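Count the sequence shown with numbering that gives the first Met the number 0 and you get residues 0 to 178, in order.
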Amino acid sequence: MQSVSPYTVSIETKVIDQVYERISAYPWDSFASVDGWDYGSDPSYMKNLCEYWVNDFDWRKQEVKINQFDHYKTSIENVDIHFIYEKGSGNSPTPLIISHGWPGSFLEFLDVIEPLAHPERFGGDINQSFDVIVPSLPGFGFSGPITRAYGPREIASMFNTLMTDRLGYKSYMAQGGDW
Numbered sequence: 000m001q002s003v004s005p006y007t008v009s010i011e012t013k014v015i016d017q018v019y020e021r022i023s024a025y026p027w028d029s030f031a032s033v034d035g036w037d038y039g040s041d042p043s044y045m046k047n048l049c050e051y052w053v054n055d056f057d058w059r060k061q062e063v064k065i066n067q068f069d070h071y072k073t074s075i076e077n078v079d080i081h082f083i084y085e086k087g088s089g090n091s092p093t094p095l096i097i098s099h100g101w102p103g104s105f106l107e108f109l110d111v112i113e114p115l116a117h118p119e120r121f122g123g124d125i126n127q128s129f130d131v132i133v134p135s136l137p138g139f140g141f142s143g144p145i146t147r148a149y150g151p152r153e154i155a156s157m158f159n160t161l162m163t164d165r166l167g168y169k170s171y172m173a174q175g176g177d178w
């Protein structure tokens, strides 16, 4: 089995500040003077969303939520693959990899990881638990950048390597979106 390293989501304050500065400096007068969604994003909606990001959104609070689960990285085919790994309750949880589509994110699954891994906490049967693995697609989220396009078969092969070679499962279940 090759190396799997713990990972903590922690964005530098400098980077967050740069994002806020760029959002705050956006030239809203460059939008066409058209309201509604007929020609793309509604300018007033976008402006309100950006004001929320700058004035109310708390990235550090989101990091706490994201880091409630154990995160890891491993190199597969020279690409760093990020994933959450939540071991299930019970004697023999079923391994389950759940993967997002494009242009999604592992964040889509944060609210289902615990109920799948620990059903007894939600009124379910402990013997129906899963070891939940939630990877980020290559080039997405906290996975490393890619130098070429990866199709669904290649990504499936990489995720199979994650499940078998890196995590040691002989068999597992998989859920996927999009294709």
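Built from N, CA and C at the ideal position, the CB exists for glycine as well. Remember, it's a predicted structure, so these values are computed and weren't measured experimentally.
Go ahead and pull the three-state DSSP assignment for residue i.
i	result
residue 13	helix
residue 73	strand
residue 95	strand
residue 56	coil
residue 173	strand
residue 108	helix
residue 158	helix
residue 29	helix
residue 51	helix
residue 149	coil
residue 5	strand
residue 37	coil
residue 191	Lying before the first or after the last residue shown, residue 191 is absent from the chain, which here runs from 0 to 178.
What does the Cβ neighbour count give for residue i, buried or exposed, with the cut at 16 atoms within 10 Å?
i	result
residue 204	With the chain running from 0 to 178 in the structure shown, residue 204 is simply not present.
residue 157	buried
residue 172	exposed
residue 140	buried
residue 170	exposed
residue 10	exposed
residue 165	buried
Which same chain residues, not among the five before or five after residue i, have their C-beta less than 8 Å away from its C-beta?
i	result
residue 118	88, 124, 125, 127 and 128
residue 201	The first residue shown for the chain is 0 and the last is 178, placing residue 201 beyond what the model contains.
residue 161	73, 75, 80, 82, 96, 132 and 134
residue 148	none
For residue i, which residues from the same chain have a beta carbon less than 6 Å from its beta carbon, with the 5 sequence-adjacent residues on both sides left out?
i	result
residue 72	4, 6, 79 and 81
residue 175	98
Kindly list the residues whose CB is nearer than 7 Å to the CB of residue i, restricted to its own chain and excluding five residues on each side of it in sequence; keep chain order.
i	result
residue 138	144 and 145
task = Please determine if the segment 7 to 25 and the segment 53 to 60 are in contact, where contact requires at least 3 C-beta pairs separated by less than 8 Å.
result = yes
ask   = Taking only runs of the beta strand (DSSP E) that begin and end inside the segment 113 to 139, which ones reach a length of at least 3 residues, in chain order?
value = 129 to 134
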